[in-house]
Every structure is written in structure tokens, then in C-alpha cells.
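Numbering (mature numbering (1 follows the signal peptide of the UniProt record, and there is no 0)), first residue to last: -27 to -1, 1 to 519.
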């Protein structure tokens, strides 16, 4: 056999040797390396590698979608297997892979699947025409298919130019949904996609599901008469809710709106627990950074900031917090974080994370003072927190390192690492835990059902919170996943507390506090009493004054 298989054995040995000593190249390898593929060959090779990666790593979402085909989806004529072409996506041929992603997501979204099973016979959304603008991911696809099963017609665009999973969009288009989104849209593409969802002959929405307020803003700006038939708006982000309250205050909100962001299940689970996990995932995938010993400043200590800080502290980072709200600031101090102003630490920190929902949190002055190699990213919905526009000047050089990772280089050689061009890190650069999104998606579905079926006069032209009973219902749908068993009140106990045995169990003003409240109550009793004492004096002072 040595004579017959000697060459094959030698090749195997060379391959093994190269695996352990990659810096050494053999003559045969050099000859192969020098046979460089042509431009077309490189493109097809890239495509084959991309396809194999896509099949192997579902968690990579759309990262394997290289820009081999530089043709804009707007210039393509695509149709699904049924001949329908009312969509605009990257590549309809990715539908099978997207369907597998959706099936995986369904397993981690028990409440939404339970709601679909319980309510699809009643069709509570029959006649509803829902236009949506959210992140188009596998989890959103499960929500859209649930809304469809409950009787709704849906048209959808993406609320973020980088978060769309192209294969999921393909699966939705193949399933008959009108989807207008792809990863890497331009600003012009973004608004064009929203317009295609809204401006269609023979179809007019009567419900809006928004994430960030861009869809609502576009309809107000371009098609204000549509609000005559729209029954309500469901909004899930801090930015979008802020816009709704502004409209309400100005007397310009002409339909009822449901503030899902401040519902307990959305705020405490999606904002807090989701970001606690996804911040690490996003930073690791993009920069491969080690967190131990790194100095990090987190701008904002709301629920998102709390989640980010908890995760980074657990990984051994030294975490600073900036905050404008004295209550959130006190929580940060009680949780063991040092409260600072950004200009006090900007020269020394290794990572800057914004999560305020505000604008111009990190401006050019701060960017100029950052240390070499500082990582800058945003965990808020809006892309206005980091002043990225100020970095697009002739004296600064932009260098694309990998997908969603840019080095911005100063004339003296200093560089910062900017992630996702200042847009939402976790959904632009990684994925988020499906189970947590199940909670948010179920809340959104119930809010749509509530607004669509509410009798005339129940909701006026204002912004409302989700009823407490629905919050509790969403939570209860997720408990079976943990094999959790709720204790039931006896009639005597319910009467003693003045509650209905079936809930709601807390008044609307009740706050489901995080660990800082436990610190204040248990571990720092003197401080807690001291604070209450001063509050009492404060109210007494104002009572006497007025």
C-alpha cells in the first residue's frame, strides 16, 4: 500500500503539520496560493464560504450575508413561489434558512405560541390591518405570524438599517407577508421601505405597531388623513413613547396610543434582563474584548443601563455611571457604582456605552479626548446618542475592520473603535435572548387586541399604559417554562387584602423594584430611615410654606 497511497498520506501529513504550524508553508501550498482566483472566482468562492457559514451557524444571523450582490433590492424584481412580488428584500432564495430560524425561535417563545393556540379560533384581530416598523428578526416573524393567525393582515418595515435578518425577511416574503427591509439599508432606503408599507393602493392600515416612532412620524408627515381610520398605536421604545407624549401634550395625537415600553413585563424583562446578556454578546462578537479589569462608563442608569452595568461588573470590569435623574443616580450608588460626569473619566475609560434615549450624549469634544483604542457603542434605540456625524470630516480616516466595526483614526494616529455606526449594538451586531423577546411580543399582541376591540370611548386621544391585568397575564403565560407553580389566595386571604383571587394583585402605582431597593431596605436600614426622615421634613416644609 505504500506505493499506491504514499502521495495521499504525504498530503494528509502536510495538512496536519500546517494545522499546527501555520506560519510554515510548503512549496506545494505556495504554488496553490499563487494561483489566485479571478475576480469572478473570488466572488463565487466568497459566496460558497458564506453559504456554508450560514448553514453552520444559525446564531450568526445575517452576518454571513456578504455584499457579493451589490445590486440594490429596490432594483430587483423578485417573486415568491406563489408568484407574489409585494415585498422588497435581499434574496428570496434564503427563505428555507429563514424558516429554520423562525422554527427555533418558536421553541423559546412559549407565551406567544400559547396565545396563538388559544385565540386563533376567535380571531380577535379579524379585519385588522396592521402596519409595523420594528426589528425584523426571527422573533418578530413569530409575532407577525401570530397576528396573522389571529386574523390580522400585516405589512412590515425595519426600524433599524442594520438589524434585519435577511433570511428571516425572505421566509416572511415566501409566506405571503409584505416585507420591505434588508440589512444595510441607506437612510433613503429606510424611508422608502416605510413608505412602501403605508402607501399602497387598495389597502389602508387601521393599527400601527411602532418601535422608535419613525412609522408614526412618517404617517403624520405624509399621510395625515390615514388617522381617520386608524384605531390606535402601539409603541415599544423609550424614544417612540417620548414622541407620543410630545404629540399628546401639543394636542396633536389624534388616536389612542398604548405605551408598551413602560409596562412592567417590557421594562423589567426586555430592557433589564435582555440587555444584561446581549451587551456582552455584542461586544464580544465585534471586538473580542476581555472585560476583566477594563474601565467602562455607562451613560444612563435606567433599566437598560442597569442590565449593562450588572453584566460588566460580573465580568470584572470597573464600571462608572453617568445619570441626570437623582433617583436613578442613587440606585447606581447603592448598587456599588461610582457616579461621575462623563468629562471626568473620558480620558481613562476603555469602553463607552450610551443608553439614555437622548441626543448628543457623546459629542465630538469627548470623542477627541478618548484614549487610543477606546470602544464606543450605543445600547439605546436611537442613533442620536453618539455624534457620529461630527466624525465624518476630512481630517479623520474611517477604516472598516469587520462587519459593523469601524476604526476612526485621528491625524496623530489615535483611533477609536466605533460599533454599528452608533446604532443599537445588540440587534445590529449580535442577537438577543428569544425568551425575553417572547415577553415583549406577547405584550405587543395583547395591546393590539385591546386597542382594536375596545368599545368607542374607552380610550381617548392620549397615551395609555397596558392594564395591570394584562401584564400579569403575560407573566403567567411564561411560568410553565420554568415548571413554576403559583400559590393561590384563599377566600379569606383575598378578602383580608381586598383583592380579587384572579388579580390584579398590585395597584398601578406599585413599582417592581430591582436589587437596589433590597439593599436600601435590608442591608442599609439606617440609611433608609435617614432618607425617609428627610423626605418627611421636606414634605412638612412645603406643607407649612403653602
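For every residue, glycine included, the Cβ atom is placed at its ideal position computed from N, Cα and C.
Here the structure is a predicted model, which is why all the values come from computation and not from measurement.
Take residue i as the anchor and find which of the options has the nearest alpha-carbon.
i           : options            : result
residue 238 : 457, 456, 341, 446 : 446
residue 117 : 135, 344, 86, 133  : 86
residue 378 : 234, 397, 367      : 397
residue 417 : 227, 136, 232      : 232
residue 197 : 169, 428, 227, 296 : 227
residue 174 : 199, 156, 189, 164 : 199
residue 327 : 395, 119, 73       : 395
residue 216 : 202, 201, 236, 193 : 193
residue 406 : 72, 321, 68, 112   : 112
residue 322 : 353, 352, 290, 298 : 290
residue 251 : 351, 317, 74       : 351
residue 95  : 131, 286, 123      : 123
residue 93  : 121, 76, 475, 67   : 121
residue 131 : 236, 415, 143, 166 : 166
residue 102 : 466, 424, 430      : 424
residue 68  : 143, 45, 428, 344  : 143
residue 411 : 80, 73, 72         : 80
residue 353 : 374, 375, 392      : 392
residue 219 : 474, 466, 190      : 190
residue 443 : 464, 466, 236, 297 : 236
residue 420 : 269, 388, 207      : 207
residue 427 : 205, 317, 141      : 205
Give every residue of the same chain whose Cβ lies closer than 8 Å to the Cβ of residue i, excluding the five residues on either side of it in the sequence, and list them in chain order.
i           : result
residue -27 : Note that residue -27 scores a pLDDT of 42, beneath 50, so its modelled location is shaky and nothing firm can be said.
residue 363 : 336, 337, 340
residue 282 : 271, 274, 292, 294, 305, 308, 310
residue 472 : 462, 478
residue 3   : Caution applies to residue 3, whose pLDDT of 41 falls short of 50 and renders its modelled position unreliable; the value that the coordinates give is listed next. If we look at residue 3 and ignore the five residues flanking it on each side, it has no Cβ neighbours.
residue 435 : 221, 226, 229, 230
residue 454 : 83, 408
residue 495 : Because the pLDDT of residue 495 is 35, which lies under 50, any placement of that residue in the model is unreliable, and the number read from its coordinates should be weighed accordingly. None.
residue 159 : 134
residue 320 : 342, 343, 344
Report all residues from its chain with a CB closer than 6 Å to the CB of residue i; omit the five preceding and five following residues, and keep chain order.
i           : result
residue 332 : 357
residue 336 : 360
residue 300 : none
residue 355 : 212
residue 51  : 65
residue 151 : 59, 60, 128
residue 432 : 229
residue 30  : Reliability fails at residue 30, whose pLDDT of 31 lies under 50, so the model's placement of it is uncertain and no value is given.
residue 422 : 97
residue 384 : 368
residue 145 : 114, 152
residue 89  : 119, 122
residue -1  : With a pLDDT of 44 at residue -1, under the threshold of 50, the predicted position of this residue should be treated as unreliable, though the coordinate-derived value follows. Here the set comprises nothing.
residue 467 : 474
Are the CB atoms of residue j and residue i within a distance shorter than 9 Å?
i           : j           : result
residue 329 : residue 255 : no
residue 334 : residue 312 : no
residue 450 : residue 83  : yes
residue 184 : residue 107 : yes
residue 278 : residue 294 : yes
residue 246 : residue 273 : no
residue 234 : residue 147 : no
residue 104 : residue 171 : yes
residue 162 : residue 47  : yes
residue 209 : residue 188 : no
residue 137 : residue 154 : yes
residue 413 : residue 264 : no
Below 8 Å on the Cβ atoms is my contact criterion, and I expect residue i with residue j to pass it. Report the Cβ-Cβ distance as a whole number of Å.
i           : j           : result
residue 284 : residue 249 : 5 Å
residue 390 : residue 260 : 6 Å
residue 222 : residue 139 : Residue 222 to residue 139, Cβ: 39 Å. No contact.
residue 400 : residue 133 : 6 Å
residue 366 : residue 382 : Not quite, the Cβ-Cβ distance comes to about 12 Å (not below 8 Å), so this is no contact.
residue 459 : residue 452 : 7 Å
So, does the CB of residue i fall closer than 9 Å to a CB anywhere in chain C?
i           : result
residue 315 : In summary, chain C is missing from the structure at hand, where a single protein chain is found.
Starting from the C-beta of residue i, find all residues in its chain whose C-beta is less than 7 Å away, skip the five residues before and the five after it, and write them out in chain order.
i           : result
residue 303 : none
residue 441 : 477, 479, 481
residue 448 : 238
residue 57  : 149
residue 169 : 61, 153
residue 202 : 177, 179
Using a Cβ-based criterion (distance less than 8 Å to any ligand heavy atom), does residue i qualify as near the ligand GDP?
i           : result
residue 188 : Among the ligands in the structure shown, none appear at all, so the ligand GDP cannot be discussed.
Worksheet entry | 3-residue-minimum beta strand (DSSP E) runs that sit fully inside the stretch 280 to 349, ordered along the chain | 291 to 295, 324 to 327
Worksheet item: Along the chain, which unbroken stretches of the beta strand (DSSP E) at least 3 residues long are found entirely within the stretch 191 to 236?
Response: 205 to 208, 230 to 232
Item to complete: Return the chain-ordered ranges of every beta strand (DSSP E) run that is complete within the stretch 367 to 425 and spans a minimum of 3 residues.
Response: 370 to 375, 378 to 382, 388 to 392
Practice prompt. Run through the stretch 87 to 167 for me and flag every whole beta strand (DSSP E) of 3 or more residues, listed as ranges in chain order.
Written response: 102 to 107, 126 to 131, 151 to 153
Worksheet item: Could you give the uninterrupted runs of the alpha helix (DSSP H) lying entirely in the stretch 42 to 68, keeping only those of 4 residues or more?
Response: none
Practice prompt. Output the residue ranges of the beta strand (DSSP E) runs that lie fully inside the stretch 428 to 488 and measure 3 residues or longer, sorted by chain position.
Written response: 436 to 438
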